[in-house]
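Here the structure is laid out as structure tokens; the discussion comes afterwards.
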Amino acid sequence: MKAFITVLLAVLHGGAGLAILIVSSWFIAACAVAPVNFNYMLPAVVIRALALIRIGSGYAHMWVGHKHLLQLTSLLRVQLFERLFAAQIRQRSEEVEALASHTEAIAAVWVGWVSQQASAVLMLVVSAVTLLVLDIPFAGWTIALGVIWLVIMAALCMQGLTLVKIQVLQEHEFREQSDVVLGSVAIWHLKTVQEQLAQLPSAQTLWETETSQQRLTLQSLWVFQGLAWALMLVIIYLAIHTQLEGEGGNPLLLVVPMLLLSAGDWLGRSFNGQPALNRYVQGKQALKTLPVDPLQLTDAVPLSSTLTLTGFGSVNLPEQKVTAEFDASGLYLVGGPSGAGKSQLLQAVSGLVACHGQRLCDGNAPGDGLIEGWLYLEQQPVILAATLRHNLTLGRDFSATQLNDVLSKVGLAQLNDPGEWLGPGGRVLSGGERKRLGIARAMLIQSPVWLLDEPFEGLDGAAVSQLVALLQQKAATRLIIIASHVYPAELQCKDTLILNPPS
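In terms of the numbering used here, the sequence shown opens at residue 5 and continues consecutively.
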């Protein structure tokens with residue numbers, strides 16, 4: 005329903021602007037030939053009323069469109085979450101794009117493209133029919149304008165969608181290259197600066213494709229405007245050099261030329277909406293071909309005594325063989341240099357990645373796969389382009405009091421508006437704020453096991469002290485294992501496990 009209202013308001017907004025143009029052009033010409041008793045007030049009142057309608061419908065279109073955008077984005081993300089419930093996106097970059105960008109691009113097509121095209125089509129049809137019915141001179145030329153618009157728009161869409169297919173492939177290749185480079189971060193120090201720069205992926209071709217799309221949109225608009233002006237000049241020539249019986253002083257002669265003169269204004273938004281269609285197609289294609297690996301899930305296992313690892317490690321690191329014992333409550337630290345396998349170990353403990361060796365909970369081996377209820381918090385928590393509430397709750401139901409309480413405990417008391425927008429167009433969180441927001445999410449989920457990957461990275465001294473105090477408090481009732489190369493002095497752990505990098 006909101007989608008229909010959004011389109012209707014866009015049509016009303018565009019139609020009011022077109023009506024202002026028609027009435028104003030007639031009024032200007034009428035004033036030049038009007039008799040003494042001509043009523044100047046009525047056209048002025050009509051123009052003012054149309055202006056108010058245009059302003060009101062414009063603001064209403066933005067408000068309803070924004071509401072529809074948020075609602076549809078939320079729905080698309082819930083559907084994506086359901087699809088990923090027992091699956092994992094292979095690449096981190098693909099995950100961020102899918103959650104943050106692609107869903108929003110798909111939802112925005114109604115406001116960014118559908119509304120503009122519907123408005124353009126209806127304005128062309130209504131103006132042509134109205135001028136023909138009223139027998140306005142040269143009214144039939146608006147049909148020629150509509151044909152020109154349709155041909156150019158069709159060509160723009162076909163070429164734009166062709167470029168989008170190329171861009172999707174280029175983005176996929178760029179992400180793969182970036183993941184390879186970032187995956188070798190542990191050995192960057194072994195290379196010279198020149199060698200590191202030579203290995204960095206280039207986005208030159210991607211940028212050129214994006215520029216080509218923008219250039220194509222501008223060129224299409226210029227061609228349309230040029231042809232509209234050419235039609236206007238032809239009409240002016242015909243009006244001057246042909247005999248229009250009884251029409252010599254008719255102010256309505258100015259209406260069609262004025263429509264053609266300003267065609268780029270009242271139809272230009274339909275061309276400028278092409279990038280929204282491109283992003284929509286790109287987002288649909290990306291989500292359709294999203295590289296997803298299924299995750300095996302295992303039921304929650306009780307942990308009342310100890311978690312025991314024997315010769316344990318991630319299958320991605322065959323040489324990793326960790327033997328350790330963790331109480332059911334308490335704070336433990338897994339340390340070691342970059343590349344030692346700290347993150348892989350935590351992921352293997354949670355079941356996020358396959359493991360080798362033995363993992364026992366109170367002497368019992370849980371099934372293979374991700375253990376329900378155990379929480380693994382990654383190094384860089386994903387921040388959605390959404391409200392603060394949506395980023396915290398992730399589809400669950402919590403009160404505003406609960407949200408403000410956890411935000412205050414992690415040092416984010418300044419984020420006190422659950423409806424505040426995070427991401428592009430809103431508040432952009434720093435690296436440390438993203439970390440603490442991830443901890444706040446964990447606090448809302450009453451998990452018996454927290455596996456935290458580099459929680460202190462990017463935090464200042466005061467924030468680290470506050471987080472350490474919070475974690476030690478929470479460790480009284482749950483097992484918390486921290487993987488970190490940062491060792492805060494005030495951190496009191498039951499035990500520390502130091503990993504060595506693979507030989």
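The beta-carbon is built from N, C-alpha and C at its ideal position, and this holds for glycine as well.
E212 burial status per 10 Å Cβ neighbour count (16 or more: buried)
With fewer than 16 other Cβ atoms from the protein chains shown falling within 10 Å of its own Cβ, E212 counts as exposed.
For the 8 angstroms Cβ check, are there 3 or more pairs between the segment 107–120 and the segment 85–95?
no
Cβ neighbour criterion (16 or more within 10 Å) applied to M236
buried
Where L501 falls: helix, strand or coil (DSSP):
It is a strand residue.
Taking the beta strand (DSSP E) that H72 falls in, what are its first and last residues?
Segment M45 to R87 is the alpha helix (DSSP H) holding H72; no beta strand (DSSP E) there.
Taking 8 angstroms as the cut-off, decide whether the C-beta atoms of A487 and V338 are in contact.
yes
First and last residue of the uninterrupted alpha helix (DSSP H) at P279:
Q278 to K292
Exposed or buried, what is F42 when buried is set at 16 or more other beta-carbons lying within 10 Å of its beta-carbon?
Exposed is the call here.
Local conformation of F228 per DSSP, three classes
In this structure, F228 counts as helix in the three-state DSSP scheme.
As assigned by DSSP and simplified to three states, the class of I26
helix
Could you tell me how far apart the beta carbons of S333 and T481 are, in whole angstroms, since I believe they sit closer than 8 angstroms?
Right, their Cβ atoms sit about 6 angstroms apart.
Whose CA, out of Q476, P47, M127 and I239, lies closest to the CA of V11?
M127
Pick helix, strand or coil for W378, following the three-state DSSP scheme.
coil
Is the shortest distance between the beta-carbon of G442 and the beta-carbons of chain B less than 8 angstroms?
Included in the structure is just one protein chain, with no chain B present.
Locate the alpha helix (DSSP H) running through D269, then write down its first and last residues.
Run containing D269: A267 to W270, per the alpha helix (DSSP H) assignment.
Could you give the distance in angstroms between the alpha-carbon of E199 and the alpha-carbon of Q181?
Whole-angstrom Cα-Cα distance: 15 angstroms.
For G164 and A34, I'd like the C-alpha separation in whole angstroms.
Taking C-alpha positions only, G164 is separated from A34 by approximately 44 angstroms.
Would DSSP call I485 helix, strand or coil?
strand
Whole runs of the alpha helix (DSSP H) within the segment 291–374, excluding any shorter than 4 residues:
346–354
Reference R431, options R179, V113 and L388, closest by Cα
L388
Which full runs of the beta strand (DSSP E) of 3+ residues lie inside the segment 115–187, going along the chain?
none
For a test of the three-state rule: what should DSSP assign to D421, helix, strand or coil?
coil
Helix, strand or coil for V40, going by three-state DSSP, please let me know.
coil
Does D464 come out as helix, strand or coil in the three-state DSSP assignment?
coil
Since Q406 is in the alpha helix (DSSP H), which residue starts that stretch and which ends it?
A404 to K413
Closest to G355 by C-alpha separation, out of T302, G62, G427 and V40, would be which residue?
T302
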